[in-house]
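When you number the first sequence by our numbering, it's gap-free, plus one each residue, and the end is 554.
These notes are about the structure you will find just below.
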Amino acid sequence: MKETINNLILKAAARAYQKGDLPSGELSEVDIEEPKSDAHGDFSTNIAMKMASVQKISSRKIAEVIIDQMDDPGRIIEKIEIAGPGFINFFLKAPSWYPVLRKIHDMDSKYGSSNVGNREKIQVEFVSSNPTGPLHIGHGRGAAVGDSIGNILSFCGYEVQKEYYINDSGRQIDTLGRSVYLRYKELLGKPISFPPECYQGDYIREFAVFVKADKGSELLDMDEENAVFYCAKLAAKKILSGIRQDLSAFGVEFDNWFSEQSLYDAGRVDDIINNFQQREIIYQKDGALWFNTRKFGDEKDRVVVKKNGQTTYFASDIAYHMDKYHRGFDRVINVWGADHHGYIPRVAAAIEASGKHPNQFQVISVHLVNLLRGGKPVAMSTRMGQFITLRNIIDEVGRDAARFIFLTRHHESPLDFDLEVAKTKTNENPVYYVQYVHARISSIARKGTDREKTDVTWDKQAVNRLRTPEEIQIMKAMARYPDVVQHSANSLEPHHITHYLTHLSALFHAYYNKHRVLTDDPILSHGRLYLVFAVKKIIKSGLTLLGVSAPEKM
RNA sequence: GCGCCUGUAGCUCAGAUGGAUAGAGCAACGGACUUCUAAUCCGUAGGUCGCAGGUUCGAAUCCUGCCAGGCGUACCA
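Here it is in structure tokens:
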């Protein structure tokens, strides 16, 4: 629809120039917007104001000239007005919206999708929590955002892979093993001192109990390094399997789980260090190896191999990102916690150093979640090992509510997550507000006659009965859905979908309360069913992009 | 100190490419269920868009400076 208007304007402006009514043939780009106020029409353009400086005549005059040349072959326009400093406002006839309905039904679950992605290969990496403890609420937000961005990009024609990077190497894993090992020794009555950097949680003790049950006191006879290694492997494996289960319960399925250790095993980390050394962007200083990230925009150089010979996390991260491009991804998107944002420039530097374009690497910073219960902060002490896990939240408030709430805010905005609010079933909690639309329409369908249930197809006469302001508003809103999806994909911001769904739901609920769908007039009923079934399809489509279910009954 | 993020109604937050009278929900007040699900709707009230300049036909949006809060500034991950 927008495009149609766009063409009308461009043609009119071109004709005006040919006739000599416009001094310059240089046409500005046309901006079409949907005015907030109905008094300003269905669509509006500011082209006259934009052209004024080039054309050297007043914007109202330009608007007049363009309107004079306006043609309307499809007879969609009710009237055109010039308003304010030179806005051209278009008022459309109700029937001009009907093709949207048909399109929604024809395309069905594909409505809103596109192929602008052109099969470009994108990888979205998210969560990637270290397997040293269970997922918490912050991971949940990252999971919801990453998963949804992946869904939206696929919907827009990108070829998307969702990946989880497992940090199964390095000091943290060692610390995990040490923590379990110490608790194990403690269980066997040995005196221990438990360092503060070790993991305090009860789950560590559970692993120790498991080791004891499985191996008895066997580990005491091994040398400590091997015993710790054994504990580390075992605990990491169990934790990772718990993480997989939690994510699955949260409705998140990864296409690939990528192990950091595998990079070391395959010699990839050494390879990239050697390669960069040869290219002299890695150099030696103070007994360590430094990457010259400053040359690529970072504020200082970074160590990749420490004085003690160990590689840093950054070193394997370089190898990891090189591997991503090696696997053929055109663009790589990382969803990280906002506390890692200082890390972005150095990874970006590594990517630039390898000859990739900066826009092939994007980081989504997900800000922290304040967990509340009834308005009061919930104590989240990792140190004490006492915290509410993602699993607890899924169990208490449900997956749909949690995911939806995570996606109501811009990801760079801190989010308050109130467990009590998340459980309420009122307007305060928008998930149910939106899902209720789907359930209500499903209910209408169940109440309709057999013919109405199965045979609600395009019928010109029936659709022609859709004339009320509420019906037209709904059709307008539905016409916008593809734009909203596209905008979400371009900006990597799922929350636009969430807000759009809430808005469409409000329009539907108002309509439902004011008008009956099933009436004594079968033709009118047919038209209205055709309308609300379209709404149902979009609600389901949007919820699916967010990873939220669309229930038939509530 | 420097860097990034945030600052919009009493509260929680939307406001893409600068547009006309800045929008929702909650809370407050008043209404609507014999009717397709009241997990809903209708109405009233609520604002110096952190502050000060600048850019222009036009700024919550762009630029500069300041204020407040969060995060980051490792040979940690």
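Even for Gly, the Cβ is constructed at its ideal location relative to N, Cα and C.
Starting from Gln69, follow the alpha helix (DSSP H) in both directions and report where the run begins and ends. Taken as a continuous stretch (DSSP letters only), Gln69 belongs to no alpha helix (DSSP H), as it is neither H nor E.
Taking the Cβ atom as the reference point for each residue, do Arg279 and Ala353 lie within a distance shorter than 9 Å? yes
Using the Cβ count rule (16 or more neighbours within 10 Å means buried), how would you classify Ala39? exposed
To the nearest angstrom, how far is it from the Cα of Ser316 to the Cα of Asn359? 22 Å
Look at Val378 and Leu371 and say whether their C-beta atoms are less than 9 Å apart. yes
Does DSSP put Tyr199 in a helix, a strand or coil? coil
Through-space distance from Asp265 to Leu220, alpha-carbon basis: 28 Å
Taking only the alpha-carbon atoms, compute the straight-line gap between Leu546 and Gln284 and give it to the nearest angstrom. 48 Å
Decide yes or no for the touch test of the stretch 303 to 313 against the stretch 94 to 103: beta carbon pairs closer than 8 Å, at least 3 of them. no
Quick check: the Cα distance between Glu260 and Val180, rounded to an integer number of angstroms? 22 Å
Leaving out five residues before and five after Ala330 in sequence, what residues of the same chain have Cβ atoms less than 6 Å from its Cβ? Note on residue identity: the sequence assigns Asp, not Ala, to residue 330. Contacts found: Glu120 and Lys121.
Closest Cα partner of Thr45 within the set Ser525, Leu10 and Asn167: Leu10
Which term fits Gln161, buried or exposed, when burial requires 16 or more other beta carbons within 10 angstroms of its beta carbon? buried
Could you tell me the boundaries of the alpha helix (DSSP H) in which Gln123 lies? It is not in any alpha helix (DSSP H) - Gln123 instead sits in the beta strand (DSSP E) that spans Lys121 to Glu125.
Taking 7 Å as the limit between beta carbons, can you name the residues of its chain near Arg141, skipping five residues before and five after? Val366, Val369, Phe406 and Leu415
Using a Cβ-Cβ cut-off of 7 Å (strictly less than) and excluding sequence neighbours within five positions of His496, which residues of its own chain qualify? Val484, His487 and Ser488
Any 3 or more C-beta pairs closer than 8 Å across the stretch 182 to 198 and the stretch 246 to 262: no
Please state if the CB of Pro131 and the CB of Ile166 are separated by a distance shorter than 9 Å. yes
Does Gln473 come out as helix, strand or coil in the three-state DSSP assignment? helix
Is Asp317 helix, strand or coil by DSSP? helix
The alpha helix (DSSP H) spanning Asp330 covers which residue range? Here Asp330 belongs to no alpha helix (DSSP H), and DSSP marks it neither H nor E.
Would you kindly report the start and end of the unbroken alpha helix (DSSP H) that includes Lys162? Per DSSP, Lys162 belongs to no alpha helix (DSSP H); it is in the beta strand (DSSP E), Glu159 to Ile166.
If the criterion is Cβ atoms closer than 9 Å, does the pair Tyr607 and Val463 meet it? With the chain represented from 1 up to 554, any question about residue 607 goes unanswered, as that position is not in the structure.
What span of residues does the beta strand (DSSP E) with Glu81 cover, start to end? Ile77 to Ala83
DSSP-derived helix/strand/coil call for Glu34: coil
Assess, as a yes-or-no matter, whether the stretch 534 to 543 is touched by the stretch 497 to 510 under the definition of 3 or more beta carbon pairs within less than 8 Å. yes
Using the Cα positions of Gln473 and Tyr320, report the straight-line distance between them to the nearest angstrom. 49 Å
Between the beta-carbon of Val421 and the beta-carbon of Phe404, is there less than 9 Å? no
For Asp71, does the count of other Cβ atoms within 10 angstroms reach 16, so buried, or fall short, so exposed? exposed
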